[in-house]
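Visitor: Numbering (this note's numbering), first residue to last: 50 to 658. Positions of the beta carbon are idealized from the N, C-alpha and C atoms, including for glycine. Sharing a structure here in structure tokens format.
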Amino acid sequence: MCGIVGYIGPKEAAQFLIEGMSKLEYRGYDSAGIAVFDGHKINVEKTVGRLGMLEKKIEQAPPKGHTGIGHTRWATHGRPSDVNSHPHTDCTGKFVVVHNGIIENYLHIKEKLIEKGHTFTSETDTEVVAHLIEEYYDGDFEAAVKKVLAEIEGSYALVFMTEYEPDKIICTKQDNPLVIGLGEGENFIASDIPAIINRTRKTFILSDGEMAIVTKDSVWVQNRQGVPITKKIFEVNWDAEAAEKGGYEHFMIKEIYEQPKAIRETMLGRLAKDDSSIILDELKWTKEDVAAIKKIVIVACGTAYHAGIVGKYYLEQLARMPVEVDIASEFRYRSPLVDESTLAIVISQSGETSDTLAALKEAKRLGARTLAVTNVVGSSISREADQVIYTWAGPEIAVASTKAYTTQLISMCLLALYIAGLKEAIAPERLKELIHGLKELPAQAHELLEDVEPIKTFAQQYGFNEDVFFIGRSLDYAVALEGSLKLKEISYIHAEAYAAGELKHGTLALIVEGIPVIALATQKDVYEKTLSNIKEVKARDAVVIGLAMQGDEQIKKYVDHTIFIPATEKYLTPILAVIPLQLLAYYAAITRGCDVDKPRNLAKSVTVE
Ligand code: AGP
């Protein structure tokens with residue numbers, strides 16, 4: 050994920066910028082750059098690669114000056130490269146900007162600016178911001194920034210500098226964090242607290258829509274209308290390690306809590322404002338392109354494979370496409386029936402999983418069109434596939450996948466609705482309802498994360514059981530698979546997921562008194578059937594935790610405990626239902642004293658067969 054730093058004061062800015070950026074390295078990045086005002090002009094140094102490469106580049110002649118901004122980039126728009134690295138400049142080089150987030154309407158702005166004669170050097174969405182400010186500047190930096198903000202749409206933390214008014218740095222944010230650190234005769238800006246805690250512990254956090262004008266002696270905060278805002282200053286008392294985790298105990302729980310934001314970002318710019326269609330500019334398929342697809346195969350590993358199973362439901366039920374899902378390590382050796390009329394979709398958070406990459410190559414060799422759903426721009430899988438849908442979850446550090454999964458589900462849902470729209474397989478009204486439902490998800494995920502106490506209690510109560518079963522039908526079964534994987538991998542509890550109707554064909558023999566069974570019952574069309582399966586396990590004295598939709602009063606009569614998720618569209622339940630299961634796994638692992646972020650025998654990216 051991108052990182053931002055900024056400095057204004059009496060010291061050499063470059064020193065702090067590099068130090069601050071090094072504290073943000075844990076977030077993952079692919080390029081880095083700084084811009085420093087030397088008293089006459091702004092000098093920009095940037096490069097693809099690790100921070101060490103930037104340090105090497107500037108080692109002989111570090112940019113001198115007391116005002117500067119810096120950035121570590123985690124590519125979204127445009128592959129990792131020198132020119133795509135931040136800071137970005139306008140045509141004159143007199144304005145510089147660094148940016149975290151996504152400018153949703155950048156293509157439209159870029160076209161307009163090109164018509165006006167601006168020359169672009171990068172593929173990024175950010176560069177439009179630098180050219181826009183050049184366009185609007187007429188002697189008042191602050192006014193120009195406000196005009197830029199009125200034009201751009203999306204999520205951002207933006208930090209600006211200009212040669213015209215070098216005594217200030219202006220920053221603002223929308224849905225992306227930005228922190229101001231207050232020093233004596235110097236001030237600091239950062240996207241995250243770890244970047245500044247070596248220099249100051251007096252900080253405040255900017256809120257959405259606020260703009261800070263930072264000089265060496267003062268920080269003025271105002272809203273877009275220019276109304277001054279008094280910020281509450283707080284002393285950070287976290288140590289460096291806690292600061293990296295944003296104050297959370299583990300990366301996994303931090304990433305679970307990042308899901309509302311990650312889900313929102315995955316959808317950003319991809320849902321028509323009037324809810325009438327899905328916009329996937331990265332595909333730009335026609336009706337004919339879709340008509341040429343006779344079969345879809347989805348291939349992935351682990352959690353990504355589970356997202357593929359949900360994807361199959363989406364593509365079959367919403368877009369009426371025939372779909373097969375396979376585990377990558379199986380697919381590549383089973384002589385799959387794949388040809389030019391097949392669309393092969395590979396799903397991979399890292400984009401580097403060896404089995405998935407090999408399966409992708411095999412599908413290509415057989416003539417299939419290929420599409421990757423991945424989180425990492427420039428990864429091997431993104432480069433190998435014909436087309437890519439990025440999940441935009443931000444870097445995932447914990448071994449257990451959480452926000453990668455929910456954003457993969459969103460991506461698969463968007464793809465299914467996109468195809469359904471092109472095929473006219475879905476009524477416009479139904480499409481609208483689903484898009485409306487998608488838009489509600491970030492707030493609903495947030496709501497779910499607000500009250501985790503009951504889940505903590507279940508984890509403490511059942512965390513020492515050696516076996517746990519998950520059951521569900523239809524989409525609930527798909528989520529059960531992911532819930533059981535989460536529990537296994539981080540708490541080492543033996544967990545199995547079964548299609549609820551399949552229990553009686555063997556597994557029911559394992560259900561004995563006191564065994565915890567987590568029964569997912571969010572799917573109305575199979576609800577009664579699921580209740581019968583719950584009765585089957587209750588009759589064997591299992592302890593049942595029912596996971597159902599808010600408003601379902603009936604379930605309480607059949608289970609021992611309940612977890613409710615906010616009411617949503619049937620197809621969107623997996624995105625919410627998985628969150629309590631992630632939390633259950635997390636707190637069970639804590640109860641058992643496990644190493645949550647680095648479970649035994651597992652690696653984040655599996656680059657061996
Ligand atoms: C999930 O929690 C895992 N650690 C694992 O199953 C993972 O999803 C799998 O290895 C695939 O990784 P990828 O998405 O990076 O390809």
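Out of Ile328, Ala449, Val372 and Thr141, which has the shortest C-alpha to C-alpha gap to Leu651?
Guide: Working through the sequence shown from its first residue, we reach residue 651 at position 602. The shortest Cα separation from Leu651 among Ile328, Ala449, Val372 and Thr141 belongs to Ala449.
Visitor: Take His543 and list the residues in its own chain whose beta-carbon comes closer than 8 Å to its own, dropping the five residues that flank it on each side.
Guide: Here residue 543 refers to the residue found at position 494 when the sequence shown is read from its first residue. Excluding residues up to 5 positions away in sequence, Glu515, Asp516, Val517 and Lys537 lie with their Cβ nearer than 8 Å to the Cβ of His543 in the same chain.
Visitor: Does any heavy atom of the ligand AGP sit closer than 8 Å to the C-beta of Gly360?
Guide: Numbered from its first residue, the sequence shown carries residue 360 at position 311. Not a single heavy atom of the ligand AGP lies less than 8 Å from the C-beta of Gly360.
Visitor: Quick one: measure Cβ to Cβ for Gly232 and Thr249, integer angstroms, because I've assumed they're closer than 8 Å.
Guide: Here residue 232 refers to the residue found at position 183 when the sequence shown is read from its first residue. Here residue 249 refers to the residue found at position 200 when the sequence shown is read from its first residue. Going by Cβ atoms, the distance from Gly232 to Thr249 rounds to 5 Å, so yes, they are a contact pair.
Visitor: Check whether the Cβ of Ser450 lies closer than 8 Å to any heavy atom of the ligand AGP, and answer yes or no.
Guide: Numbered from 1 along the sequence shown, position 401 holds the residue referred to as residue 450. It does: the Cβ of Ser450 is within 8 Å (strictly closer) of some heavy atom of the ligand AGP.
Visitor: Return yes when at least one heavy atom of the ligand AGP lies under 8 Å from the C-beta of Ser654, else no.
Guide: The residue given as residue 654 occupies position 605 in the sequence shown. Yes, since a heavy atom of the ligand AGP falls inside the 8 Å radius drawn around the Cβ of Ser654.
Visitor: Do you know how far the Cα of Gln366 is from the Cα of Gln572?
Guide: In the sequence shown, counting from the first residue as 1, residue 572 sits at position 523. In the sequence shown, counting from the first residue as 1, residue 366 sits at position 317. Whole-angstrom Cα-Cα distance: 14 Å.
Visitor: Report back the beta-carbon spacing between Ile107 and Val145 to the nearest angstrom; my notes put them in contact at under 8 Å.
Guide: Taking the first residue of the sequence shown as position 1, residue 107 is located at position 58. Taking the first residue of the sequence shown as position 1, residue 145 is located at position 96. Actually they do not touch by this definition, with Cβ atoms about 16 Å apart.
Visitor: Compute the beta-carbon to beta-carbon distance between Thr402 and Glu531, rounded to the nearest angstrom, for a pair I have assumed lies under 8 Å.
Guide: Taking the sequence shown and counting its residues from 1, the one referred to as residue 402 is at position 353. Taking the sequence shown and counting its residues from 1, the one referred to as residue 531 is at position 482. A Cβ-Cβ distance of about 17 Å is found for the pair Thr402 and Glu531, leaving them out of contact under the 8 Å criterion.
Visitor: In terms of residues, what are the limits of the alpha helix (DSSP H) holding Ala453?
Guide: The residue labelled residue 453 in the question sits at position 404 within the sequence shown. Run containing Ala453: Lys452 to Lys472, per the alpha helix (DSSP H) assignment.
Visitor: Measure the beta-carbon distance from Gln223 to Asp257 and round it to whole angstroms, keeping in mind my assumption that it falls under 8 Å.
Guide: Mapped onto the sequence shown, residue 223 falls at position 174. Mapped onto the sequence shown, residue 257 falls at position 208. Contact holds; Cβ gap of about 5 Å.
Visitor: Pull up the DSSP beta-bridge partners for Leu231, would you.
Guide: Here residue 231 refers to the residue found at position 182 when the sequence shown is read from its first residue. Asn236.
Visitor: Using C-beta distances below 6 Å, list every residue in its chain close to Ala469, excluding the 5 sequence neighbours before and after it, in chain order.
Guide: Position 420 of the sequence shown holds residue 469. Counting only Cβ-Cβ distances below 6 Å, and skipping sequence neighbours, we find Leu367, Ala368 and Ile475.
Visitor: Quick check on the DSSP output: what are the complete beta strand (DSSP E) runs of length 3 or more inside the segment 392-428, in order along the chain?
Guide: DSSP runs (the beta strand (DSSP E)) wholly in the segment 392-428: 418-423.
Visitor: Which ranges would you report for the beta strand (DSSP E) in the segment 486-528 if only whole runs of at least 3 residues count?
Guide: 516-521
Visitor: Count the other CB atoms, across all protein chains shown, that sit within 10 Å of the CB of Phe513; report buried if there are 16 or more and exposed otherwise.
Guide: If you number the sequence shown from 1, residue 513 lands on position 464. Under a 10 Å Cβ-count criterion, Phe513 is classified as exposed, with fewer than 16 other Cβ atoms of the shown protein chains found around its own Cβ.
Visitor: With contact counted as at least three CB pairs below 8 Å, one residue from each stretch, are the segment 61-75 and the segment 413-432 in contact?
Guide: no
Visitor: Applying the criterion that 16 or more other CB atoms from any shown protein chain within 10 Å of the CB defines a buried residue, is Gln603 buried or exposed?
Guide: Position 554 of the sequence shown holds residue 603. Result: exposed.
Visitor: By Cβ distance, which residues of its chain are closer than 6 Å to Lys303, with the 5 residues on each side in sequence left out?
Guide: The residue you call residue 303 lines up with position 254 of the sequence shown. Correct list, in chain order: Lys294, Gly295 and Tyr297.
Visitor: Between Val395 and Ala465, which are expected to be in contact by the criterion C-beta below 8 Å, what is the C-beta distance as a whole number of angstroms?
Guide: Along the sequence shown, read from residue 1 onward, the residue named residue 395 stands at position 346. Along the sequence shown, read from residue 1 onward, the residue named residue 465 stands at position 416. Contact flag wrong, Cβ pair sits at about 16 Å.
Visitor: Starting from Val208, follow its DSSP beta bridges and name the residues at the other end.
Guide: Taking the sequence shown and counting its residues from 1, the one referred to as residue 208 is at position 159. Val147 and Cys220.
Visitor: Examine the ligand AGP and report whether any of its heavy atoms sits within less than 8 Å of the Cβ of Met535.
Guide: Reading the sequence shown from its first residue, position 486 is the one you call residue 535. A quick correction: the sequence has Lys, not Met, at residue 535. Yes; taking the cut-off as 8 Å, the Cβ of Lys535 has a heavy atom of the ligand AGP nearer than that.
Visitor: Checking 9 Å against the spacing of the C-beta atoms, do Leu392 and Lys344 come in under that value?
Guide: Locating residue 392 in the sequence shown gives position 343, where the first residue counts as 1. Locating residue 344 in the sequence shown gives position 295, where the first residue counts as 1. Cβ atoms of Leu392 and Lys344: closer than 9 Å.
Visitor: Compute the beta-carbon to beta-carbon distance between Asp458 and Leu320, rounded to the nearest angstrom, for a pair I have assumed lies under 8 Å.
Guide: Numbered from 1 along the sequence shown, position 409 holds the residue referred to as residue 458. Numbered from 1 along the sequence shown, position 271 holds the residue referred to as residue 320. The amino acid occupying residue 458 in the given sequence is Leu; Asp does not appear at that position. Between Leu320 and Leu458 the Cβ distance is about 15 Å, and since that is not below 8 Å, they are no contact.
Visitor: Can you list, in chain order, the residues of its chain with a C-beta nearer than 7 Å to that of Lys413? Leave out the 5 residues immediately preceding and following it.
Guide: Stepping through the sequence shown from its first residue, residue 413 is reached at position 364. Cβ neighbours of Lys413 beyond the five flanking positions: Thr419.
Visitor: Less than 8 Å between the CB atoms is what I'm expecting for Ile520 and Ile612, so what's the real figure, rounded?
Guide: Numbered from 1 along the sequence shown, position 471 holds the residue referred to as residue 520. Numbered from 1 along the sequence shown, position 563 holds the residue referred to as residue 612. Under the criterion of beta carbons closer than 8 Å, Ile520 and Ile612 do not qualify as touching, at roughly 14 Å.
Visitor: With distances taken between CB atoms, is the gap from Ala548 to Arg522 smaller than 9 Å?
Guide: Sequence index remark: in the sequence shown, residue 548 carries index 499 (1-based). Sequence index remark: in the sequence shown, residue 522 carries index 473 (1-based). Result yes, Cβ atoms of Ala548 and Arg522 sit closer than 9 Å.
Visitor: Report yes if the C-beta distance between Val132 and Ser171 is below 9 Å; otherwise report no.
Guide: The residue given as residue 132 occupies position 83 in the sequence shown. The residue given as residue 171 occupies position 122 in the sequence shown. Taking 9 Å as the Cβ cut-off, Val132 and Ser171 qualify as a contacting pair.
Visitor: Going by DSSP, name the residue or residues bridged to Gln271.
Guide: Residue numbering aside, residue 271 sits at position 222 when the sequence shown is read from its first letter. Per DSSP, Met260 and Pro277.
Visitor: Looking at the unbroken alpha helix (DSSP H) that takes in Leu181, where does it start and where does it end?
Guide: Mapped onto the sequence shown, residue 181 falls at position 132. Here the alpha helix (DSSP H) through Leu181 covers Glu176 to Tyr185.
Visitor: Enumerate in chain order the residues of its own chain whose CB-to-CB distance from Glu202 is below 6 Å, with the five nearest sequence positions on each side excluded.
Guide: By 1-based counting over the sequence shown, the position of residue 202 is 153. For Glu202, where only same-chain residues beyond five positions count, the Cβ hits under 6 Å are Glu153 and Asn154.
Visitor: So, using beta-carbon positions, are Leu100 and His148 closer together than 9 Å?
Guide: Counted from its first residue, the sequence shown places residue 100 at position 51. Counted from its first residue, the sequence shown places residue 148 at position 99. Not in contact: Leu100 and His148 (Cβ atoms no closer than 9 Å).
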